[in-house]
Amino acid sequence: LDLDEPPQLLGLQRGDDLVGHGDGVGPAGLDVEPDRGEPDGRRVLSGSVDDTARIWDVESRRALAEFTMQDEVRDVEYSPDGRWIAIGSGSTLASHGDPVQLRDARTTEVVTALPLAPGPLTGVTFSPDGSRLFAGAGPRTVVWDIASRRRVASVERLSGDIAFSANGERMFTRSGAAI
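Counting along the sequence shown from 1, when you hit position 175 you're at 251 in the numbering used here, and nothing is skipped either side.
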């Protein structure tokens with residue numbers, strides 16, 4: 077993985093890259109819009125160490141929207157139904173405001189900005205049904221209810237990648253060598 081390279085469309089020729097970030101795309105900074113009756117993979121969301129996230133149109137290879145954050149973008153994700161976008165930023169040990177933005181995927185407007193504990197952001201993800209947003213930072217994973225925009229849980233010492241079982245009943249997170 078070369079972080080200095082722009083996102084690439086597999087199966088296309090070199091030169092068909094999505095070019096526009098001022099620096100490399102982060103290791104978790106890429107997601108494809110869920111299929112909502114439109115051609116699969118029509119839009120791609122990327123996040124970069126240049127403090128920006130972008131929505132790309134795959135066919136035209138142009139950025140449709142750009143969002144500037146306060147720190148490098150560490151993770152981006154579409155909700156399972158494609159209605160929301162989560163953008164998580166923060167690589168420093170100090171908190172810098174509200175490092176997670178929840179945006180409307182259609183209008184791209186910020187719906188809410190969500191605070192986290194001080195520490196580097198480790199990931200954002202939606203629950204399989206799209207009703208909750210999970211974000212890891214510092215020593216904890218924080219859970220927000222999307223409908224109410226309220227924090228509903230904070231799990232200590234569980235900060236890292238977040239994954240769910242297929243039925244959504246179990247959440248797994250990584251912290252160092254532990255799961």
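Glycine residues also receive a C-beta, built at the ideal position from the N, C-alpha and C atoms.
Please read all numbers here as calculations on a predicted model, not as lab measurements.
Residue i, enclosing beta strand (DSSP E) - first and last residue
i, result
"THR198", "197-202"
"GLY164", "160-165"
"SER230", "226-232"
"ARG130", "128-133"
"ARG179", "176-180"
"THR188", "186-190"
The ligand GTP heavy atom lying under 7 angstroms from the CB of residue i
i, result
"ARG118", "Inclusion of the ligand GTP in the displayed structure is not the case, the ligand content being empty and no account of it being possible."
Which of helix, strand or coil DSSP assigns to residue i
i, result
"SER214", "The identity of residue 214 in the sequence shown is Gly, whereas the question assumes Ser. DSSP places GLY214 in coil when its eight states are reduced to three."
"MET145", "coil"
"GLY123", "strand"
"GLU153", "strand"
"ILE238", "strand"
Beta-carbon gap between residue i and residue j smaller than 8 angstroms
i, j, result
"VAL149", "THR128", "yes"
"PRO156", "GLY212", "no"
"VAL176", "VAL200", "yes"
"ALA222", "THR184", "At residue 222 the sequence reads Ile, which differs from the Ala that was named. Against a cut-off of 8 angstroms, the Cβ pair of THR184 and ILE222 comes out as no contact."
"ALA181", "GLY158", "yes"
The region 117-132 in contact with the region 143-159 per 3-pair CB rule at 8 angstroms: yes
Validate contact between the region 149-168 and the region 181-190 using beta carbons, cut 8 angstroms, 3 pairs: yes
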